[in-house]
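Protein chains in written order, with my numbering: chain A, 729 to 1012; chain B, 729 to 1012; chain C, 729 to 1012; chain D, 729 to 1012.
Cβ atoms here follow ideal geometry from the backbone N, Cα and C, with glycine treated the same way.
4 protein chains.
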Amino acid sequence: YGKNTIKFLRLHKEGKKDCVKEVEVCTHLRLTSAQEYLEGNNSLVIPTDTIKNIVLVLAKKNGISSLEQFAIDICNHFMTTFCQVAYVKTYVQEVPWQRLHEDGVPHIHSFICVPDGIRFCEAEQCRNGPLIVFAGIKDLKLMKTTQSGFEGFYKNEHTTLPERHDRILCGELFCKWSYGECKDFDFNCIWKKIRECILEAFAGPPDCGEYSPSYQKTVNSIQMHVLSRVSQVQVIEVVLNNTFYNIVDMKNLGLTNEKEVLVPVEAPYGSCACTLGRKKFFEA
Amino acid sequence: YGKNTIKFLRLHKEGKKDCVKEVEVCTHLRLTSAQEYLEGNNSLVIPTDTIKNIVLVLAKKNGISSLEQFAIDICNHFMTTFCQVAYVKTYVQEVPWQRLHEDGVPHIHSFICVPDGIRFCEAEQCRNGPLIVFAGIKDLKLMKTTQSGFEGFYKNEHTTLPERHDRILCGELFCKWSYGECKDFDFNCIWKKIRECILEAFAGPPDCGEYSPSYQKTVNSIQMHVLSRVSQVQVIEVVLNNTFYNIVDMKNLGLTNEKEVLVPVEAPYGSCACTLGRKKFFEA
Amino acid sequence: YGKNTIKFLRLHKEGKKDCVKEVEVCTHLRLTSAQEYLEGNNSLVIPTDTIKNIVLVLAKKNGISSLEQFAIDICNHFMTTFCQVAYVKTYVQEVPWQRLHEDGVPHIHSFICVPDGIRFCEAEQCRNGPLIVFAGIKDLKLMKTTQSGFEGFYKNEHTTLPERHDRILCGELFCKWSYGECKDFDFNCIWKKIRECILEAFAGPPDCGEYSPSYQKTVNSIQMHVLSRVSQVQVIEVVLNNTFYNIVDMKNLGLTNEKEVLVPVEAPYGSCACTLGRKKFFEA
Amino acid sequence: YGKNTIKFLRLHKEGKKDCVKEVEVCTHLRLTSAQEYLEGNNSLVIPTDTIKNIVLVLAKKNGISSLEQFAIDICNHFMTTFCQVAYVKTYVQEVPWQRLHEDGVPHIHSFICVPDGIRFCEAEQCRNGPLIVFAGIKDLKLMKTTQSGFEGFYKNEHTTLPERHDRILCGELFCKWSYGECKDFDFNCIWKKIRECILEAFAGPPDCGEYSPSYQKTVNSIQMHVLSRVSQVQVIEVVLNNTFYNIVDMKNLGLTNEKEVLVPVEAPYGSCACTLGRKKFFEA
Chain A
729 YGKNTIKFLR
739 LHKEGKKDCV
749 KEVEVCTHLR
759 LTSAQEYLEG
769 NNSLVIPTDT
779 IKNIVLVLAK
789 KNGISSLEQF
799 AIDICNHFMT
809 TFCQVAYVKT
819 YVQEVPWQRL
829 HEDGVPHIHS
839 FICVPDGIRF
849 CEAEQCRNGP
859 LIVFAGIKDL
869 KLMKTTQSGF
879 EGFYKNEHTT
889 LPERHDRILC
899 GELFCKWSYG
909 ECKDFDFNCI
919 WKKIRECILE
929 AFAGPPDCGE
939 YSPSYQKTVN
949 SIQMHVLSRV
959 SQVQVIEVVL
969 NNTFYNIVDM
979 KNLGLTNEKE
989 VLVPVEAPYG
999 SCACTLGRKK
1009 FFEA
Chain B
729 YGKNTIKFLR
739 LHKEGKKDCV
749 KEVEVCTHLR
759 LTSAQEYLEG
769 NNSLVIPTDT
779 IKNIVLVLAK
789 KNGISSLEQF
799 AIDICNHFMT
809 TFCQVAYVKT
819 YVQEVPWQRL
829 HEDGVPHIHS
839 FICVPDGIRF
849 CEAEQCRNGP
859 LIVFAGIKDL
869 KLMKTTQSGF
879 EGFYKNEHTT
889 LPERHDRILC
899 GELFCKWSYG
909 ECKDFDFNCI
919 WKKIRECILE
929 AFAGPPDCGE
939 YSPSYQKTVN
949 SIQMHVLSRV
959 SQVQVIEVVL
969 NNTFYNIVDM
979 KNLGLTNEKE
989 VLVPVEAPYG
999 SCACTLGRKK
1009 FFEA
Chain C
729 YGKNTIKFLR
739 LHKEGKKDCV
749 KEVEVCTHLR
759 LTSAQEYLEG
769 NNSLVIPTDT
779 IKNIVLVLAK
789 KNGISSLEQF
799 AIDICNHFMT
809 TFCQVAYVKT
819 YVQEVPWQRL
829 HEDGVPHIHS
839 FICVPDGIRF
849 CEAEQCRNGP
859 LIVFAGIKDL
869 KLMKTTQSGF
879 EGFYKNEHTT
889 LPERHDRILC
899 GELFCKWSYG
909 ECKDFDFNCI
919 WKKIRECILE
929 AFAGPPDCGE
939 YSPSYQKTVN
949 SIQMHVLSRV
959 SQVQVIEVVL
969 NNTFYNIVDM
979 KNLGLTNEKE
989 VLVPVEAPYG
999 SCACTLGRKK
1009 FFEA
Chain D
729 YGKNTIKFLR
739 LHKEGKKDCV
749 KEVEVCTHLR
759 LTSAQEYLEG
769 NNSLVIPTDT
779 IKNIVLVLAK
789 KNGISSLEQF
799 AIDICNHFMT
809 TFCQVAYVKT
819 YVQEVPWQRL
829 HEDGVPHIHS
839 FICVPDGIRF
849 CEAEQCRNGP
859 LIVFAGIKDL
869 KLMKTTQSGF
879 EGFYKNEHTT
889 LPERHDRILC
899 GELFCKWSYG
909 ECKDFDFNCI
919 WKKIRECILE
929 AFAGPPDCGE
939 YSPSYQKTVN
949 SIQMHVLSRV
959 SQVQVIEVVL
969 NNTFYNIVDM
979 KNLGLTNEKE
989 VLVPVEAPYG
999 SCACTLGRKK
1009 FFEA
């Protein structure tokens, strides 16, 4: 296959205000032919320069109403224009520009980059197959300072980890979900709702939180919550990269440290991941 | 000199709520002695492990009411405890954890990382000299989609840049300022006010903005605005790393692109920087 | 599944000389159970801390004669020790320490890091399935200053790329191959031979090189060369990330630039990849 | 001041062989004027686009016989061409392409990137001042597996570090030195000699090494060795970023680990640095 990545900015007006979408688009193509590899015959090869031009032309003509719609447009274009394309996948990721506000007043043309979780999507299609749309959020860093533990795990002669019922839970979250048939979805609205669900399930109620007995259970809670609240989601994958924090032992320094000063442990580094679909969910 | 970097988390309660400060502290020491370099005599050397312990103990004992106060505490400790220290500098940088909110309600113990500009500070002192405190913000990415140009510059046979009166102004901002005598400053409050001043000066009024004839002038506007509004600031340094955006030429593709689709130019990469002090300001 | 990454150094003596292996080991486990996700029941969960301990204990007991043998040892340990493990995959990557030489004499205990391509391997096993071993090289940056072109490709209204018969070919290579049944392989020796084959196929004969009509053909040449020379390789995947170089147009500056000064084009960025197996090879 | 960074490749022939220099050039200018900052008057501003053009034109016209000569050419050009330039500094860094060899035969046009220490240089000049040339090496990662300790350091109530006489010494080295009057220097030859001196002083004799009582002493040994062997060096600065390795305690796992398995300690992270000049050296 061949791959091309292009980053660009699409500017348009909504009334008097400037709107800006900066995206990175990565397009994968797999051709039906093999002659370019085996014989050096390039007659069916679509240069990355052409892929780039097509992405830019579609952005100019269609605009970017949502990342998902733009990815769908690109897939459709390649499938309908080039019969030598056997498979196309388009990944679109957003630079998180937000409009600046001064004393609550939105600025007409100024923006600030706020990377508190990056929105992305993916559309893919095999020739004669359905177009499948995924969306997701990545690089979302979250922390709970309490209401997290890890006890009752499997033990043998290589176990040195003590049981803990009050630890820090901190990690970087990656979530990716697929939509079913995408008829008339408001992708922007659904995405915002899912982001809220993720935060709610991670944190629990604002006044007391919810106890997490493991990273695994927190991953599952996020998946269950999204599936139960957002009917358009078919399958959801969650990966949680853990950052562990150790309470600094200050006995040798003559002090008692009761979960006040902690240092992040860079190694060992762990993550846990799970993919949960709607059927499995209802069967469980 | 010797240098040590330690990253840690300081947790405390404010009423029922958990509060969290995660900081990276880098401490530089220069000793009065040279024997450790010339003779391998370590008798005056303070191991980095000891520096680390001291930083952690001070965090435990004093807490971190502000980055600046914590940096001052560290400098004071090293100057008063070790007579072999000729110079100490402490740099403190914050991990931008923000409390999560659900429907406007603050969560009791859950946080999200929002890196829209990183707060840092620096305190330094030579033996027998004053303690000087700096504060700053870095990695602050801003964009204006209009109200920016660059015309009337110097031209010779190597000039190929066209004049432009409506370009994108985009860049990453670094600001660092020094305070005078730091008696009873509310460092957290002042820092927030300066951040607001920076955004105001960059963007101009929310309804129309303000024309920027160059990156240089924007840098200067930020400096002037901060100096005029925040009396505690003595000297302010601003560096603006530019990201240029080129309008994609779509003539060969049969389209007219009027500042709708642009690509960032990764090379050449430029920046402009200026340091402005209070006296210079009033004399200018 | 759960994942753990640990980086460590294994030191041993060969005669009077110190030998050093610094590796990063990433172990993935998938359990037969789901109760840890669904119910928060941790009784079958193997903590990442235990995984880390096991990797370190195996390094201490067995040493690291080759990355591949070490990965095999880890997989075997998890499969035979824990009946709740449904699948294990171990990735091992080397820090490329090389012994220092002074005037051709090898130093007894000093090393330099030379990252001209990073060696890695992977071993994976499903319960009741065979143990499969992969090896590879990544981050290998290569350049040909001539004997490369790209002509005769597919053209339509979105094509703007000119045909070229003398361009720079530059890229970062990733190669990963699988071994069949690994009885008594000398993994270190085979890996070195494959690395040589890759370089030979990329560059062609030292006195004249070999013309590359496309990145695709170069990828295929590498695969064919390795498969024909190294009988232990079953399947080989090659990914070549392209860096394009544009000849700087100096007409406006009054100069003729004949492929003397070129700038790398960071966007658009492309890559091409192919996986080739032995059967497919002989059938082609 | 204003700054511009440009990365490019300079290709030329030596006999039948292709030679390649890929460099990143960063040019700083400070103007005599302040009107561009204060008034938005750009009439003396040299656009970064023009700076880029000049660097490329000089590369085309003069070639890059050495990084240092190229940096000198750039400084000279700016000082003699633009009277509004008060100060110019040019930093040049090399992409470490090395010619490929097959069975010892050098390839006519193929190269591999080998980043075992990056060569760089700097030339700077104030109007009416001398042109000063620096050269250096950075990102040079070295390790000694023995012949290193740290004992007899300063101790107080915050000391927890045990004394050690056989530890790993590992770090990333940065060296930068200045030349005096640069009449007819063979910069490439001198640079290679200094690199050798650095490695010799770090490692000691190949058969037995040399004991290092501290990072500080190793830094000093490198400086002394370079100053004594290379008369053209006036002042040398060395920074050594330490990576500490801890011997894994395996008592709880029923094993005795005698400096066989070690893990790198990512925090606390330290470095030590020293600048040593010729006069100070002879007086010491």
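For residue i, which of the options has the nearest alpha-carbon?
i, options, result
"Arg957 of chain C", "C:Pro992, C:Ile975, C:Ala929 and C:Thr971", "C:Ala929"
"Cys754 of chain C", "C:Val966, C:Leu772, C:Ser794 and C:Cys803", "C:Cys803"
"Trp825 of chain C", "C:Arg847, C:Thr808, C:Lys817 and C:Cys903", "C:Arg847"
"Ile860 of chain C", "C:Glu850, C:Lys869 and C:Leu868", "C:Glu850"
"Val989 of chain C", "D:Asn732, D:Ile782 and D:Lys866", "D:Ile782"
"Ile964 of chain C", "C:Ile922, C:Asn980, C:Tyr943 and C:Ser999", "C:Ile922"
"Leu870 of chain B", "B:Asn770, B:Cys841, B:Lys745 and B:Phe972", "B:Phe972"
"Lys788 of chain A", "B:Gly768, B:Lys745, B:Leu981 and B:Gly1005", "B:Leu981"
"Phe806 of chain B", "B:Gly791, B:Glu796, B:Leu786 and B:Ser793", "B:Leu786"
"Lys872 of chain A", "A:Asn948, A:Glu938, A:Glu852 and A:Glu879", "A:Glu938"
Cutting at 7 Å between CB atoms, please list the residues of its own chain near residue i, excluding the five before and the five after it.
i, result
"Arg827 of chain C", "Pro834, His835 and Phe839"
"Leu759 of chain B", "Leu772, Gln812, Val813 and Ala814"
Among residues of its own chain, excluding the 5 on either side of residue i, which ones have a beta-carbon nearer than 6 Å to its beta-carbon?
i, result
"Val823 of chain D", "Glu750"
"Cys854 of chain A", "Tyr815"
"Lys741 of chain C", "none"
"Ala1001 of chain A", "Val967"
"Gly730 of chain A", "Leu757"
"Glu764 of chain B", "Asn770 and Val773"
"Gly857 of chain A", "none"
"Lys866 of chain D", "Ile846 and Phe902"
"Arg738 of chain B", "Lys749, Ala787 and Ile792"
"Cys898 of chain A", "Met871 and Thr971"
"Glu900 of chain D", "Lys869 and Asn969"
I'd like the span of the beta strand (DSSP E) that includes residue i, first residue to last.
i, result
"Tyr819 of chain D", "Val813 to Val823"
"Ala929 of chain B", "Ala929 of chain B -> not in any beta strand (DSSP E); alpha helix (DSSP H) instead, spanning Phe915 to Ala931."
"Asn732 of chain B", "Gly730 to Glu742"
"Val833 of chain D", "Val833 to Cys841"
"His805 of chain A", "Looking at the DSSP string, His805 of chain A is not in any beta strand (DSSP E); the run it does join, the alpha helix (DSSP H), is Leu795 to Thr809."
"Gln962 of chain B", "Val961 to Ile975"
Closer than 8 Å by beta-carbon distance: list the chain A residues that pair up with residue i, in chain order.
i, result
"Leu737 of chain B", "Ile896, Tyr973, Val989, Leu990, Val991 and Pro992"
Could you name the residues of chain B that residue i contacts, counting a contact when the two beta carbons are closer than 8 Å?
i, result
"His829 of chain D", "Going along chain B, no residue has its Cβ under 8 Å from His829 of chain D, so there is no contact; the nearest lies around 31 Å."
"Lys731 of chain D", "Gly998, Ser999, Cys1000 and Ala1001"
Name the chain B residues whose beta carbon is nearer than 7 Å to that of residue i?
i, result
"Phe902 of chain D", "Near Phe902 of chain D there are no residues of chain B at all, since even the closest Cβ is about 12 Å away, more than 7 Å."
"Ile836 of chain A", "Pro934, Asp935, Cys936 and Gly937"
Listing by chain order, which chain D residues have their CB less than 7 Å from the CB of residue i?
i, result
"Cys925 of chain B", "Ordered by position in chain D, no residue passes the 7 Å Cβ test against Cys925 of chain B, which lies about 17 Å from the chain."
"Asn980 of chain A", "Thr888"
Provide the residue span of the alpha helix (DSSP H) that contains residue i, from first to last.
i, result
"Lys945 of chain A", "Tyr943 to Arg957"
"Ile782 of chain D", "Thr776 to Asn790"
Please list, in chain order, the chain D residues whose beta carbon lies closer than 8 Å to that of residue i.
i, result
"Phe930 of chain B", "Chain D residues near Phe930 of chain B: none, gap ~15 Å exceeds 8 Å."
Interface positions of the region 904-918 of chain B facing chain A (Cβ-Cβ less than 9 Å), listed along the chain:
none
Closer than 7 Å, Cβ to Cβ, to anything on chain C: give me those residues from the region 848-875 of chain D, in chain order.
Lys869, Leu870, Met871, Lys872, Thr873, Thr874 and Gln875
Beta carbons nearer than 7 Å to chain A: which residues of the region 764-789 of chain B have them?
Asn781, Leu784, Val785, Ala787 and Lys788
Along the region 799-813 of chain D, what residues have a CB closer than 9 Å to any CB found in chain B?
Thr809, Phe810 and Gln812
May I ask you to list, following chain order, the residues of the region 937-949 of chain B that have a beta carbon less than 7 Å from some beta carbon of chain D?
Pro941, Ser942, Gln944, Lys945, Val947 and Asn948
Chain C contacts made by the region 745-766 of chain D, where a contact means CB separation under 7 Å:
Asp746 and Val748
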